[in-house]
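In my numbering, the protein residues as written are 393 to 591. Using N, Cα and C, we set each Cβ at its ideal position, and we do this for glycine too.
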């Protein structure tokens, strides 16, 4: 098996695992709202896994402590103290509240991430009881999504896969959820933007 086909196999396995998360929230969450709940958790896990990789790389490169490796200059994004994936995962009550707080603190610490986690009703325990949220976090916890396991382009492929699946489930066209890559390329070619211009 070639490295490329092995990589595609891993991507398919990853996509399947992501899609299986919908089975956990089906019922309390309508198919049209899957993305509102599943993407923020995926982004949260990705940010924390990459942050952990950056910690390990800094410790190895500089021979310093983890505390030193937590300095913001070694990271693309800041994960505030007490709001890492592991912190939220270990909470057993008011899980939705902990998730919401972690999302807001990460957005506050990283201006360019403002709004990325959306405004889902994480604290609505009738819809999302602690047990359901913990099952959802446990499902994602079994899947490392750092750069070592999943390059950025593969993460993008998985995101597009989910968008298409969400569209199918809610009987909508994928274009109502996102602009397909081929359309983006055509628009860029037509507009032909130059350095320094904004579109």
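For residue i, which residues of its own chain have a beta-carbon under 6 Å away from its beta-carbon, when the five flanking residues on both sides are left out?
i           : result
residue 519 : 420
residue 461 : 447, 450, 451
residue 528 : 416
residue 514 : 488, 491, 492
Take residue i and list the residues in its own chain whose beta-carbon comes closer than 7 Å to its own, dropping the five residues that flank it on each side.
i           : result
residue 441 : 536, 537, 538
residue 466 : 446, 450
residue 477 : 436, 437, 440
residue 550 : 403, 406, 407, 410
Suppose you measure from the CA of residue i to the CA of residue j; what does that come to, to the nearest Å?
i           : j           : result
residue 490 : residue 408 : 27 Å
residue 432 : residue 469 : 16 Å
residue 486 : residue 522 : 6 Å
residue 456 : residue 463 : 11 Å
residue 427 : residue 402 : 22 Å
residue 488 : residue 586 : 45 Å
residue 404 : residue 540 : 16 Å
residue 425 : residue 559 : 10 Å
residue 459 : residue 479 : 17 Å
residue 473 : residue 443 : 12 Å
residue 506 : residue 578 : 29 Å
residue 545 : residue 418 : 28 Å
On the CB-based measure, 16 or more other CB atoms within 10 Å of its CB, does residue i come out buried or exposed?
i           : result
residue 547 : buried
residue 580 : exposed
residue 588 : exposed
residue 430 : buried
residue 504 : exposed
residue 369 : This structure does not reach residue 369, given that the chain is present from 393 up to 591, and the question cannot be answered.
residue 471 : buried
residue 542 : buried
residue 525 : buried
residue 591 : exposed
In chain order, what residues of the same chain have a beta carbon less than 8 Å from the beta carbon of residue i, not counting five sequence neighbours either side?
i           : result
residue 435 : 508, 509
residue 475 : 493, 494, 497, 498
residue 531 : 409, 412, 413, 416
residue 583 : 591
residue 484 : 522, 526
residue 398 : With a pLDDT of 47 at residue 398, under the threshold of 50, the predicted position of this residue should be treated as unreliable, and no value is reported.
Assuming residue i and residue j are in contact, meaning their beta carbons sit under 8 Å apart, how far apart are those beta carbons, in whole angstroms?
i           : j           : result
residue 481 : residue 533 : 6 Å
Is the closest heavy atom of the ligand SAH to the C-beta of residue i under 8 Å?
i           : result
residue 417 : Questions concerning the ligand SAH fall outside what the structure shown contains, since it holds no ligand whatsoever.
Pairs of beta-carbons, one from the segment 550-560 and one from the segment 489-502, closer than 8 Å: are there three or more?
Below 8 Å, too few C-beta pairs join the segment 550-560 and the segment 489-502 to call them touching: fewer than three.
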